[in-house]
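Protein sequences, first through last, are from chains S and R. According to this note's numbering, the residues represented by the first sequence are 5 to 776, in order. According to this note's numbering, the residues represented by the second sequence are 2 to 288, in order. Read the structure below first, then the notes.
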Amino acid sequence: MNYQTVGHGLVKIDVMEKVTGTAPYVDDLVMPGMLIGKVLRSPYPHAAIKRIKIEKAQALNGVKAVITNQDTPRVKWNSAGFPPSQGAILVEDQYILTDRARFVGDGVAAVAAVDEKTAQLALDLIEIEYEKLPHVLGQDKAMEPEAPIIHEGVEKNIVGHLPIVIGDVEQGFKEADFIFIDKYTCQRVNQVSIEPCGAVVALYDANGRLNLWTSTQMPHLVRRIVARAMDMPVGKVRLIKPHVGGGFGSRLGAVNEPIAAMLSKATGKPVKLIYSREESFVGSESRHPIIMELKTGVKKDGTFTARQMTAYIDAGAYATHTPSFAGPVGGWFLAMYKSPNVKYDGYSIYTNTPPCGAFRGYGNPQVVWAVESQVDEIAERLGLDPREIRLRNHPCKGEVWAWSGWEIESCGLEEAIERGSQSIGWENRIRQGSNTKENSNQGQETVHKVGPETKKKGIGMAYMMHVSGARPMLHETGSAFIKMNEDGSVNVVYSSSDCGQGSSTALSQIAAEELGLPINMVHITQFADTDTAPFDIGSHASRQIYSGGNAVKVAAGIVKKQVLEHAATMLEVSASDLAIENGQIICLQDETKTKSVAEVAYNALYGTNGFEISGVASLEPPGNPPVYAAQFVEVEVDTETGIVKVIKVAAAHDVGTAINPVCVEGQIEGAVQQGLGYALTEEMVFDEMGRLQNPNLTDYKILTVKDMPEIDSIVVQAASQTGPFGAKSVGESGLVPTAAAVGNAIYDALGIRIKDLPITPEKVLGLLKAKS
Amino acid sequence: MFQLAYYEPQTLKEALQMDGVKKGTGKFLAGGTDLLVQIKRRKIEPQELINLKAIPELKGVQETGDGGIRIGAAVTVKGIMESSLILAGYPAMAQAAKELGTPQVRNRATIGGNIVNASPAADLVGPLLVYDAILLLTSESVQRRVKIEDFLLGPSQTALGKEEVLEAIELPALPAGTGAVYLKHGLRKTHEIALVGVSIALRSDGQGVIEDCRIALTAVAPKVIRAREAEDALKGCHLDDETLSRVAHIAEANCLPISDVRASADYRRQMVGVLTKRGLLSLGGSN
């Protein structure tokens, strides 16, 4: 299809503000009389607060409020951002500030003071008598009978068990020629958005309304959560979202908004509460470590007879997302390969660590790491090309996708595998087998020889499927309101957050395309305000373009219809004879009958029986078409140091129609950076007392620009049938298969398979030593 | 919380007469890349900060006239990295500077701070050890010269007197034919604190026999250390495979690494061997 705006790599609409540093973020906001908030955190992983004395802190000059658990509303709440839905299992197990610390960093008190220094000093003056309790780290240990109980009444610390059964796996294993049993694990990682997570200004105003300026991915749902935590009506809360410096799931729910709200309520002043980098590591939610036990039955031809996974998910100290999250974990597992018999058990387990929550991919990076590593082994044992076993077993267009239960609208996996293979040079890959590959780099650049044969190259691949939204697991209401100004330009009022991913640009392109307007006549909200923007469940589940784009397109269609009808009256023709092209009304029958959209909009507003041309759409998206990706990775491993150098990543992603191909490539490249860090270097490390050892960017190792390999972002466009202009999604998927592809490339290079992320040099050397 | 007074003396004399120096309640500030972090984390709580950056004696890299050079203690890491005298005469120093931290840190951090902070992982210290650096320590009444090896006592511990400031670093002239290298090991290519660093200065005769050798090991002991047994084992040898692997093993035995969040002691020890071997190999042809 030829589109005027859609499919073009237009410059992001917010680029000037961002590159000139003028785009306002929460921390830039200053209000008259504003106070600074600070949170006092538990130094112990598990401790009851016996006594807490705040008098000295209160007496300090400049301190305006000191609050503790005793001041919090007597409602337990859950911070995770979900619309009430069948798939949302929301265990309410926390207070805004706790009277029993369950992890190092758990908030036990907060202060508001005239400046940061005073607030910090006030924290020092709060006297707390703790009774230390036994603690437990690691979800496997937390399930043991003798483990300390973290929440009363939750036996073995298992806060959720989600089983899924399809067919009969025992029968399936009987029918298998081979059975593979493996255990894979993965570490906790942090989103590390450039704007640290936890940034809010709260103002409890004289009218009794709570106003929140907060860096969030979901204005309406966080408004609802805060209302619940504060025990006040939703309508009394107004939430405004300025620019957001990266989300990646970390802002998928309330973070510190309720604390700031309490401090503002106590003082009647605006209170700014901004977490430092160190605080945001423990004060917001990270990606779940999961222990995954896999059992897979396979026929000689590579088809699966039974697939089984038991997942032990480390929830951290509070439930938040985890019991619900166990659902998608099962969904990713069961839906990525066809098998008549599937069994899944997902256990959500409390530990004395910071809570885990949403992080780009929402369980899929963990599942794909395990499944795609094992499938690589299966392919090798069966003597199949790793690409072939994927092509043989993936669900395809026209088949029912088990994640949603709906028919798959389009599938670009074959093209993705073909183009990815070409890019990485798959045909030159020498099958590793169980032997050591001595020299596979003929025809490629010469290996820098330090010692004899110290560096080995390898190529691996992995595949994934992902969603374009949250249906049917969640109710997915999304809305857009579009109104036309007298110059013919439109305001698109849309509440969900562009967190930097470029969704506001792509949504503007969808509006411009549908309306026949040039892009510079579309103005989309950057600051979303729940008092004025229609309801939307937020920026997550890779849903902004498919679901949000659908709402924008429907609203634009309503506006377009009004434009044409009013133009028809003005031109005395039938509306069905009119079209809009580049801001101009065209009459298909009579070239002389023309008006600019501006003239029509002006006439509507200021003519007889004036009205504003406008349209609102509020609806659930029509489906949830899956996307596919195949990533190919070439590595060079230093066998003396264990360092894995990634030479190239060919990331082939079927995204449906790419509304803005440059933004799509940006999404893939950024995600690959996170995926490589997940594979190789990133890990939140806790000591035996549950203290995070590396809450800083020196020791929490996200890859730098100098570490990044060549990335070939290959955009495959198998258009969906129901998405706006055929769009599907790309938001999360770029990091989902990366770790498995890296692991498989290392196997190709060295013949060793590491089953616990991250793949550190020490693990590489350990397995190499064991092998020899 | 504490009150912090800030001073910016214009001369060394003025700086050394400050109350904070006399009473021991002050801290000298140069780049601040370690000091301010320590203050922020409340590991130290000085009452005065005395900024040294305006003092002329602490600036610049000059030739000393006897073939060596003098580096002012407040020269930035970026200054070290780009100094033509250092690049030409002491390339391992320039290399270590280039690998220290990030561009933002290198623009601020100073060589003096890197030494006085006395981190076992300080990048510049290994090369200073193998170049036999002399530190010029100045107090109001006395000036003394101390070998860097004698200056460093342990983590955050040095021989710097209470009323002294590190004024400059002197690097002596090197015998002709000396080659040197700094190899830093980390997970990333930049923004790393060394897991292990190996510095080597090596001189061989025309036939490839090692005449002199110095090896310093970074981040594998309470301070940056010389691997003297490894050095001795090299003297009089050719750089053949047997020697390389023997010396690498001795170097491994010479260190006392710890396990921490960055790496295990075993891995650090193993990397000492690998880096020593690689460093020697890279210098193999530099006689």
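Think of the CB as a built atom: it goes at the ideal place given N, C-alpha and C, for glycine as much as any other residue.
Please classify residue i: does DSSP put it in a helix, a strand, or coil?
i: K797 (chain S); result: Absent from the structure is residue 797 (chain S), since the part of chain S shown begins at 5 and ends at 776.
i: S427 (chain S); result: helix
i: H570 (chain S); result: helix
i: T643 (chain S); result: coil
i: R812 (chain S); result: For residue 812 (chain S) there is no data in the structure shown, the boundaries of chain S being 5 and 776.
i: E168 (chain R); result: strand
i: M234 (chain S); result: helix
i: H452 (chain S); result: Residue placement at H452 (chain S) cannot be trusted, given a pLDDT of 35 that sits under 50; what the coordinates show is reported in the next sentence. Residue state, collapsed to three classes: coil.
i: E442 (chain S); result: Summary for E442 (chain S): the model assigns pLDDT 43, below 50, so the residue's position carries little reliability; its value from the coordinates is reported in the next sentence. E442 (chain S) falls in the coil class under three-state DSSP.
i: N215 (chain S); result: strand
i: M525 (chain S); result: helix
i: G306 (chain S); result: coil
i: G11 (chain S); result: coil
i: Y29 (chain S); result: coil
i: E669 (chain S); result: helix
i: T65 (chain R); result: coil
i: Q436 (chain S); result: With a pLDDT of 47 at Q436 (chain S), under the threshold of 50, the modelled position of that residue is not reliable, and no figure is offered here.
i: V143 (chain R); result: coil
i: N115 (chain R); result: helix
i: P104 (chain R); result: helix
i: K1 (chain R); result: The requested residue 1 (chain R) does not occur in the structure, where chain R is confined to residues 2 to 288.
i: Q11 (chain R); result: coil
i: R215 (chain R); result: strand
i: T189 (chain S); result: strand
i: G447 (chain S); result: Residue placement at G447 (chain S) is flagged as unreliable, the pLDDT there being 38, under the threshold of 50; the coordinate-derived value follows with that caveat. Reduced to three states, the DSSP call for G447 (chain S) is coil.
i: H250 (chain R); result: helix
I'd like to know whether the C-beta atoms of residue i and residue j end up nearer to each other than 9 Å.
i: P77 (chain S); j: A206 (chain S); result: no
i: I226 (chain R); j: A93 (chain R); result: no
i: A330 (chain S); j: A315 (chain S); result: yes
i: W336 (chain S); j: W407 (chain S); result: yes
i: Y341 (chain S); j: L417 (chain S); result: no
i: G280 (chain R); j: V182 (chain R); result: yes
i: I421 (chain S); j: M469 (chain S); result: no
i: G11 (chain S); j: P728 (chain S); result: no
i: A122 (chain R); j: D35 (chain R); result: no
i: G738 (chain S); j: I672 (chain S); result: yes
i: A217 (chain R); j: V199 (chain R); result: yes
i: K16 (chain S); j: T509 (chain S); result: yes
i: L684 (chain S); j: P762 (chain S); result: yes
i: A134 (chain R); j: K148 (chain R); result: yes
i: G287 (chain S); j: V248 (chain S); result: no
Nearest CA to the CA of residue i: which residue from the options?
i: K773 (chain S); options: S:G171, S:P762, S:A572 and S:G755; result: S:G755
i: V166 (chain R); options: R:Q18, R:G207 and R:I251; result: R:Q18
i: F363 (chain S); options: S:V709, S:Q74, S:K57 and S:A84; result: S:A84
i: N432 (chain S); options: S:E603, S:E638, S:D318 and S:K57; result: S:E638
i: K68 (chain S); options: S:M266, S:L214 and S:R228; result: S:M266
i: N356 (chain S); options: S:S776, S:D691 and S:T764; result: S:D691
i: E212 (chain R); options: R:G198, R:E243, R:G180 and R:A220; result: R:G180
i: H325 (chain S); options: S:M35, S:I353 and S:K597; result: S:I353
i: G424 (chain S); options: S:K775, S:I715, S:P47 and S:A61; result: S:I715
i: V70 (chain S); options: S:A537, S:S268 and S:E595; result: S:S268
Jot down the residue ranges of each uninterrupted beta strand (DSSP E) in the region 711-751 of chain S, minimum 3 residues, whole runs only, in chain order. Runs of the beta strand (DSSP E) inside the region 711-751 of chain S: 714-720.
Can at least three beta-carbon pairs, one atom from the region 137-153 of chain S and one from the region 110-129 of chain S, be found at a separation below 8 Å? Taking 8 Å as the limit for Cβ pairs, the verdict is that the region 110-129 of chain S does not touch the region 137-153 of chain S.
Enumerated in chain order, which unbroken segments of the alpha helix (DSSP H) with a length of 4 residues or greater are wholly contained in the region 261-295 of chain S? Correct list: 261-271 and 281-287.
Counting only runs that start and end within the region 592-620 of chain S, where is the beta strand (DSSP E) found for 3 or more residues in a row? Within the region 592-620 of chain S, the beta strand (DSSP E) runs of at least 3 residues that lie entirely inside it are, in chain order, 598-600.
Runs of alpha helix (DSSP H) lying entirely within the region 307-357 of chain S, each at least 4 residues, in chain order: Listed in chain order, the complete alpha helix (DSSP H) runs (minimum 4 residues) inside the region 307-357 of chain S are 326-340.
Determine, using beta-carbon pairs with one atom in the region 631-648 of chain S and one in the region 609-622 of chain S, whether at least three such pairs fall under 8 Å. No: fewer than three Cβ pairs fall under 8 Å.
Kindly confirm or deny that the region 672-689 of chain S and the region 729-749 of chain S touch, where touching means at least three C-beta pairs closer than 8 Å. In this structure the region 672-689 of chain S lies against the region 729-749 of chain S, because at least three pairs of beta carbons, one per stretch, are closer than 8 Å.
Taking contact to mean at least 3 C-beta pairs separated by less than 8 Å, is the region 469-480 of chain S in contact with the region 536-555 of chain S? Touching, per the Cβ criterion.
Decide yes or no for the touch test of the region 186-206 of chain S against the region 254-264 of chain S: beta carbon pairs closer than 8 Å, at least 3 of them. Touching, per the Cβ criterion.
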